Amino acid sequence: MPLVLWDDSFSVNVKEIDSQHQALFDLINKLYEAMKKGQGKEVLPKIIDELFLYVEKHFSTEEKYFDRFNYPETENHKLEHYSFLKKVSEFKKSYENSEIALTIDVITFLQTWLTNHIKISDKKYSQFFNENGLK
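Residues in the sequence shown are numbered consecutively from 372, following our numbering.
The following block contains the structure:
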């Protein structure tokens, strides 16, 4: 059973971004399933790398539109992105150095941060982007 399920309450009414959010949910679920199955260092680092790279790509997409449309909350939103990437990078390095195990606490952090970020911060730009013709 997946850890996090996509539904319309997560939609920001921008197809490209909704699609990326769904892909992030899928990656978190993939990471969760790999952890539950006890898959070793040969599988988990690949999934962690995939998640990290996709998060960077997704944030880049959002930030491109922030800049294009002069979104008023750009600075705060980018700071949230930076803080999250820094935290994920720390998790990744600690895991690679065998300093931490990939625990449910780490995965729950990822899931909680993403769902809260979408429902609170990302929802703020939904109407703004739509009014600027992005759907």
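Beta carbons are placed, not taken as given, at the ideal position from N, Cα and C, and that holds for glycine.
No experiment lies behind these values; they were computed from the predicted model shown.
Exercise. Output the boundary residues of the alpha helix (DSSP H) element that contains F430.
Key: 415-440
Quiz item: Whose C-alpha, out of L424, L395, Q498, K449, is nearest the C-alpha of K435?
Solution: By alpha-carbon distance to K435, the top candidate from L424, L395, Q498, K449 is K449.
Quiz item: Any idea if I491 is buried or exposed, counting beta-carbon neighbours within 10 angstroms, 16 or more meaning buried?
Solution: exposed
Exercise. Out of H452, K495, T483, K458, state which residue places its alpha-carbon closest to the alpha-carbon of Y442.
Key: K495
Exercise. Could you round the C-beta distance between S497 and V426 to whole angstroms and report it? I think they count as a contact, below 8 angstroms.
Key: That belief does not hold up - the Cβ atoms of S497 and V426 are roughly 20 angstroms apart, past 8 angstroms.
Quiz item: Cβ of I388 within 8 angstroms of Cβ of E451?
Solution: no
Exercise. Measure the alpha-carbon distance for K417 versus Y403 and round it to whole angstroms.
Key: 13 angstroms
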